[in-house]
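Student:
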Amino acid sequence: RQGLHPQTHLEGFTGVLQADAYGGYDKLYTDGSVIEAACWAHARRKVYDLHAKKATPTTTEILRRIGELYGIEAQIRGQPQTERQRIRQRQAKPLLVELEVWLRNRLLTLSTQSETTKAINYMLNQWHALNYYCEDGVAEIDNNIAENALRGCCLGRKNFLFLGSDSGGERAAAMHSLIGTAKMNG
26 RQGLHPQTHL
36 EGFTGVLQAD
46 AYGGYDKLYT
56 DGSVIEAACW
66 AHARRKVYDL
76 HAKKATPTTT
86 EILRRIGELY
96 GIEAQIRGQP
106 QTERQRIRQR
116 QAKPLLVELE
126 VWLRNRLLTL
136 STQSETTKAI
146 NYMLNQWHAL
156 NYYCEDGVAE
166 IDNNIAENAL
176 RGCCLGRKNF
186 LFLGSDSGGE
196 RAAAMHSLIG
206 TAKMNG
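If you read the sequence shown in the numbering used here, its first letter stands for residue 26, the second for the next number, and so on.
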């Protein structure tokens, strides 16, 4: 959990890294060459899981507001990056400002030990990174595209234990990359 693998794997990388709030990534962001873009799906999931157990007015409202952000993304999907950034600045950014104020006000009324407080703090602790997608027309609201691309590898991990050799594993990785690229390009 010290983040050695991300640091080694991403050594020399510069640009935007969109991921969850795993602390192992933190050292990558310190010199500014890697920009943190957080994932709204991870933030939403923490609230959704609470809501599924026991819906409350707070969880309902948080999910509604996050849903508005995703609604904007659905409208601009496929648009040029400059247009996406312009619309996000005009439509999503004000919603995010309102959401932050609302979340901070809700914290004043909740127990510091409640699960809802923990979910809200998860969002607020990475608020700047959750807002980054509004500053960049290329960034996504979440990293679901990447996670969905990896799902097949993760689900098939047991099946791939016995590929026969390192070269068999390399060939399988190349095929997964090729198939994943084809899927992303329709």
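Note that CB positions come from ideal geometry on N, CA and C, so glycine has one too.
All of these numbers come straight from a predicted model, not from anything done at the bench.
(1) Give the secondary structure of Gly-49 by DSSP, where H, G and I count as helix, E and B as strand, and everything else as coil.
(2) If we ignore side chains and look at the alpha-carbon of each, how far apart do Tyr-157 and Trp-127 end up?
(3) State buried or exposed for Arg-89, treating a residue as buried only when at least 16 other CB atoms are found within 10 Å of its CB.
(4) Just to confirm my understanding: we take Gln-116, look at its own chain, exclude 5 residues before and 5 after, and list those with CB closer than 8 Å. What are they?
(5) Verify whether the separation of the beta carbon atoms of Leu-75 and Thr-84 is less than 9 Å.
(6) I need the DSSP call for Gln-43, collapsed to helix, strand or coil.
(7) Do the CB positions of Tyr-147 and Ala-46 come within less than 9 Å of each other?
(8) So what does Thr-61 bridge to, in DSSP terms?
(9) For Gly-57, tell me which candidate among Gly-37, Ala-66 and Lys-79 has the shortest Cα-Cα distance.
Tutor: Checking against the coordinates, here is how it stands:
(1) helix
(2) 19 Å
(3) exposed
(4) Ile-97
(5) Yes, the Cβ-Cβ distance between Leu-75 and Thr-84 is below 9 Å.
(6) strand
(7) yes
(8) It is worth fixing the name first, because residue 61 is Glu in this sequence and not Thr. Per DSSP, Leu-42.
(9) Closest by alpha carbon: Gly-37.
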